[in-house]
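Here the numbering used here runs 26 ahead of the position in the sequence shown, where the first position is 1.
Virtual Cβ for every residue (Gly too), placed ideally from N, Cα, C.
A short worksheet on the structure shown next.
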Amino acid sequence: PVALAWNRGQPLPGGTRTLELQSLCPFRAAAELRLGAVPVIEPVPGLDRRERGQILHRALQGLWEALRDSRTLQERAANVPALAQLVRAVAGRAIDERLAQRMQPLPPPLVHNELQRLTGLIEAMLRQELQRSGAAEFSVRQLEQRGQGTLAGVPVRVRMDRLDQLEDGRLVVIDYKSGADEAFQPMAERPRQPQLLAYALLAAATVANGGGAAGAAGVVGVVGVAGVAAVYLRADGVRWRGAVADPKLLPPLKPQRKSARAPLPPWDVLQAHWRTVIERLVQQFASGDATVDPRRDACRRCHLSALCRIDAAVQVVNEAESDDESETVDAS
């Protein structure tokens, strides 16, 4: 299928989500972002995944608005009860803000459980942040700030969860996740976290264009991006997935699968590869590419199988292969 070409003067309809969907399956990107074929949110007892993600982001935003940098974190960490009180305060405030927007109140026991869960996750992440700060001091340059950049000549709206700046001026992009963690494959042609790659390409320009700072006064001039990471905060642990110019700059990143453990190219070569990949995804969406071409395992959590009819197409292929096999057996 081919959709109408996108007006290149208009921002991509879903921001960096456009890149994620285009990498996942071009048809799904066109269906969701051009036709509005989005899944219906199913009600669940308590908080759903979307609400929990919003609460997590708001709590971490409030936390780093208070801490501002790694030195303040180290000072606060010397007083464990005070730091725990801060974490509990920002978590409780984030939950209260979200509950105030709900039509249906949440029973107090569920509120208590959510508060306990959230504070535990944030405290676990802060322990990793403390280890990281021992190798390289950082200040938080931006938090949940909206901006706009250009990729392949097309405007793209971005909202980076967090942008840290190291003492030498380099930037580290951090993206919070509350869902299942996914492997980061820096050399993939169809990456699982293309938004991270886009942020790496746009971060320096965002700061240079006057992006707001959260206690980042006195930082030196921006000289580039030193790393990108998605941080998955889940009940079974806090995991960092991404790529970095120097391993000391981030907590341990999960290694790639054995089949993909070829030595990574130099950092500048890796960033050049990311630009090629991201600009190709932008060009494909803008040109109207809506091919039914899902990435491996993409169909498991897709709501559009009845629309794209990929199951029927796979069945036809399988039946054709079976017929060929039968004919070969009969012929022998």
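Beta-carbon spacing of residue i, residue j below 8 Å
i, j, result
"L197", "A162", "no"
"Q154", "V303", "no"
"D190", "F210", "no"
"A256", "Q219", "yes"
"Q221", "L59", "no"
"L177", "A224", "yes"
"A31", "A312", "yes"
"L136", "I121", "no"
"V199", "M186", "yes"
"L279", "R267", "yes"
"A252", "A271", "yes"
"A63", "L307", "no"
"L73", "A117", "no"
"C334", "V318", "yes"
"D194", "V233", "no"
Beta-carbon proximity list for residue i, same chain, < 7 Å, skipping 5 on both sides
i, result
"E77", "R124"
"G241", "Model confidence at G241 stands at a pLDDT of 36, short of 50, so the residue's coordinates are unreliable and nothing is read from them."
"Q157", "P277"
"W300", "L223, A226, L227"
"R43", "none"
"E170", "H83, Q87, R185, D187"
"S159", "S96, L99, Q100"
"E305", "L177, A178"
"A55", "T44, L47, Q48, F311"
With 16 other Cβ atoms within 10 Å as the buried cut-off, status of residue i
i, result
"G238", "The predicted position of G238 is uncertain, since its pLDDT is 44 and thus under 50; a value taken from the coordinates is nonetheless stated next. It counts as exposed."
"Q168", "buried"
"P217", "buried"
"L47", "buried"
"A261", "exposed"
"D201", "buried"
"L61", "exposed"
"A229", "buried"
"G35", "exposed"
"V387", "Absent from the model: residue 387. The displayed extent of the chain is 27 to 358, so no value can be given."
"V106", "exposed"
Contact set for residue i: own chain, Cβ-Cβ below 8 Å, skip 5 residues either direction
i, result
"Q174", "P37, P181, V182, R183, V184"
"V28", "G314, D315, A316"
"A108", "R102"
"I67", "D74, R76"
"L290", "P212, M213, A269, L296"
"R114", "L141, T145"
"R172", "R183, V184, R185"
Where residue i falls: helix, strand or coil (DSSP)
i, result
"T176", "strand"
"L330", "coil"
"G268", "strand"
"Q157", "helix"
"G79", "helix"
"E215", "coil"
"V198", "strand"
"M151", "helix"
"S313", "helix"
"F210", "coil"
"Q297", "helix"
"D74", "coil"
"D122", "helix"
"L59", "helix"
"G146", "helix"
"V184", "strand"
"Q87", "helix"
"A226", "helix"
"Q127", "coil"
"V66", "coil"
"S204", "coil"
"E305", "helix"
"R23", "Nothing about residue 23 can be read from this structure; the chain reaches only from 27 to 358."
"R321", "coil"
Residues near residue i in its chain [Cβ-Cβ closer than 6 Å; skip 5 each side]
i, result
"N33", "none"
"R321", "L50, R216"
"K203", "A256, Y258"
"G40", "L59"
_Whether or not the stretch 77 to 96 and the stretch 45 to 60 are in contact is what I'm after, with contact meaning three or more pairs of Cβ atoms, one per stretch, closer than 8 Å; do they touch?_
no
*Any contact of the stretch 136 to 152 with the stretch 83 to 103, i.e. 3+ C-beta pairs under 8 Å?*
yes
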